[in-house]
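Each residue of the sequence shown is one higher than the one before, starting from 30 at the first, in this note's numbering.
All residues carry an ideal CB built from backbone N, CA and C; glycine is no exception.
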Amino acid sequence: DDYAGLSLVHAWRGEHEQARLCAERALELDRADGRERGVALGLIALARLENPAPAPAEPGADRAEAPVPAAVPAPVPAAVRLEEALAAARTAGFRAGEALALSGLGALDVAAASYASAHRRLSAAIELLEELGHEPELALACHHRSIAAESLGDLPGALADAERACELGHEAARDAAIRLAVRLRHGLTAWTHAEQAVLPGRGDRRWPAPSGVPGDLLEAEQRALDAVQALMAAARRTRDPIQAATLIQRARRTAETDLEALRRRIEPSAADYIALRRGTPLDRTELDALVTPGPSNDGEPIGLLGFHVGEETVTVLAHRTGWPEPRALPTTVTRDLLAGFLGTAGGRRPGLLDIEARRHRATLWRGLADRLLTDALQALGDDLGLLHLFPHADLNRVPIHALAPDGRPLIERFPVTYSPSATVLARLRHRDPPASAGSLVIAFTPGPEPGPDDQLITGRSTLAAADDVAALLGTRTHSGRAATAALLPGAWDVVHLACHGVFDQGDPFGSGIRLADGLLTARQIMSMSLNARLVVIGEHEPAPPDTPPGGDDTAALGYSFLHAGASSVLLPLWPVAAEITHALMRDFHTALRDGTGPAQALRAAVLELRDLYGPAEPELWAPYVLIGLPG
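What follows is the structure, given as structure tokens:
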């Protein structure tokens, strides 16, 4: 057991040769002592360490065996180890060991495209693992059987297995579940899995404490979370599958009883925080409610377009007023096409006389628009009064509203809003509207001139533009050293931040707003109580040179304000010239003052700029997006 434990430690550290040597020694001792259970587990460990299975073949794909150099002794094949382990486990009546061996053999069969054998072995393994209750191993076996079932033509069985793997926490099966749901035309199933792929509360991330909740309750919740994580970690540190299953079941009971009881107590004071923690996607009734017309949009039809960036291609999810079911549509948009597009986006414009660069950019924009949106827009129709977009991954950096299938930008067709997910949008709709209150204007961008005591002052152009907005909102501008985070908590109509949004792709929730007292991060914003009809972030701080385009950083900053209590957030996707920002904000806030909702006001301001600069310059007219409710 000591050598087996050392092998596990070395494996966690990535020291595979040391892990193999320790596992070999543990196996020798177990053989010498006649411990059949230890022999079975040792053989399984060596199969995983010494000659791991290659990546599973795509359904229907052929695999070529990689030759082993003649000068290097071939390792014992994993299949030989696992067959011996299976025999030892059966001899000892060790059903847990039998399950692991069968699961490993099934995975090897999948990798070798022997799908019938894989399905048979994995089915036997799953039956034993269900009995054992070892959820991670069960999830992996279901994932592998899903691949085998799809290759054998059993799409319903493949989808059921992929969904079971996801339910048990195996996120690697999520993409397969969406792909299979699309093939089976199960639109709601695809929507559900796409939502679960983007819900920000998934995982064990430590979120900021919400305001208004007693500290002892939050501490108790964190202790329960820590207990669950400790039990799961202990399960990963043992090679005994029975002991691991016992620890996993204890973690499950703790989560379902202690943790859930605490969350029910917290929920009345912090419903959004608990929804974030649970990570539960919306159901069919809630999805239908999002496309139910109401007084806010004069009863006009509403459309939804969600997106999932899969391992190979993007899936589009569509729903609208009048449809009996949501739909899921495959596309031919690949990750390579997205990467190429993002290389031309982000505010980087080729020179007017750089003909080849402009042709290349036009080709990429037109290609992405046609391949991503044409089928979905044909299905949705042209009669929508509002379209909600739910981007995913790299699409968070794409100005989808500016894409122009058949030459017509999306925002020309209808008002557009974005949201991190349909689940988040549904929560926003259920909130009570913010109480009527005044507006707040804050201006801070470090300018070139030092103020008193070498304090940097707000740039003059920024201050002048902010003063114009303040006049439209009937308030005054807080600028310079007075532009601090302490001003934000409270109830507001509009909060206009003529400040730099700072976007951190490495740590999305480390993105924030640069104020006089430092960077106010998305994490800090999430712990505020900032009830506002609308938050506007006026500027985008330029990223360091050679920073690749991201997406999660923009989504995280917008989401943080929604979580804090804002109904809508307007922010830029890339740095914008001050003159363009000034013009757009003037037109936008003028329309708001005259009673137009944020979505319609932004659409009018954007189209005004588009008419001024021309459709070939989206970097100038399309940087701003509205996240959240339309008005």
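If contacts are defined as beta-carbon pairs under 8 Å, then residue 398 and residue 356 qualify, I think. What distance do you get, rounded to the angstrom?
Their Cβ separation, rounded to whole angstroms, is 19 Å, which puts residue 398 and residue 356 out of contact at 8 Å.
In whole angstroms, what is the alpha-carbon distance linking residue 484 and residue 610?
The predicted position of residue 484 is uncertain, since its pLDDT is 39 and thus under 50; a value taken from the coordinates is nonetheless stated next. Cα to Cα, residue 484 sits roughly 25 Å from residue 610.
Nearest to residue 593 (by Cα), restricted to the options 628, 456, 34:
456
Along the chain, where does the alpha helix (DSSP H) that runs through residue 6 open and close?
Since the first residue shown for the chain is 30 and the last is 660, residue 6 is missing from the structure and cannot be characterised.
For residue 296, tell me which candidate among 250, 269, 332 has the shortest Cα-Cα distance.
250
Proximity winner among 165, 505, 490, relative to residue 262 (alpha-carbon distances)
165
Could you give the C-beta distance for residue 157 and residue 110, rounded to a whole number, given that I count them as a contact under 8 Å?
Contact flag wrong, Cβ pair sits at about 19 Å.
Every unbroken beta strand (DSSP E) within the region 579-628, with a cutoff of 3 residues, ordered by chain:
597-601
Quick check on DSSP: helix, strand or coil for residue 430?
helix
For residue 497 and residue 597, I'd like the C-alpha separation in whole angstroms.
21 Å
Should residue 430 and residue 257 be called a contact, given that it needs their Cβ atoms to be closer than 8 Å?
no
Taking the alpha-carbon of residue 424 as reference, which of 415, 435, 402, 444 has the nearest alpha-carbon?
402
Beta-bridge pairing of residue 568 - partner residues as DSSP gives them:
529
Within 10 angstroms of the Cβ of residue 375, are there 16 or more other Cβ atoms? Answer buried if so, exposed if not.
buried
Simplified DSSP state of residue 435, which is helix, strand or coil:
helix
Buried or exposed by the 16-neighbour rule on C-beta atoms within 10 Å, applied to residue 67:
buried
Burial state of residue 660, where buried means 16 or more other Cβ atoms lie within 10 Å:
buried
Status (buried if at least 16 other CB within 10 Å, exposed otherwise) for residue 446:
buried
Please work out which residues of its chain come closer than 7 Å, Cβ to Cβ, to residue 206, disregarding the five sequence neighbours upstream and downstream, and give them in chain order.
188, 191, 192, 195, 222
Between which residues of its own chain and residue 40 is the CB-CB distance below 7 Å, once the five residues before and five after are set aside?
48, 78
Other residues of its chain near residue 441: CB distance less than 6 Å, five sequence neighbours each side excluded
none
Indicate whether the contact test is met: 3 or more Cβ pairs, each with one atom in the region 262-282 and one in the region 309-324, closer than 8 Å.
no
Quick one: does residue 419 have its CB under 8 Å from some CB of chain D?
The structure shown contains no chain D; it is built from a single protein chain.
Out of curiosity, what's the CA-to-CA distance linking residue 395 and residue 150?
48 Å
DSSP state of residue 419, grouped into three classes?
strand
Across which residues does DSSP place residue 356 in a beta bridge pair?
347
Quick one: any contact between the region 331-346 and the region 355-369, if contact means 3 or more CB pairs under 8 Å?
yes
Alpha carbon to alpha carbon, what distance is there between residue 521 and residue 561?
5 Å
For residue 132, which three-state DSSP category applies?
helix
List the endpoints of the continuous alpha helix (DSSP H) containing residue 38.
31-41
Measure the alpha-carbon distance for residue 276 versus residue 162 and round it to whole angstroms.
10 Å
Just to confirm the assignment, what range does the beta strand (DSSP E) spanning residue 193 have?
Where residue 193 is concerned, there is no enclosing beta strand (DSSP E), although the alpha helix (DSSP H) it sits in stretches over 184-196.
Cα separation between residue 305 and residue 228?
8 Å
Using a Cβ distance threshold of 8 Å, determine whether the region 544-562 contacts the region 457-469, with at least three qualifying pairs required.
yes
Just confirm the distance between the C-beta atoms of residue 656 and residue 587, as a whole number of angstroms; I'd bet it's less than 8 Å.
4 Å
Could you give the first and the last residue of the continuous beta strand (DSSP E) run that contains residue 508?
506-508
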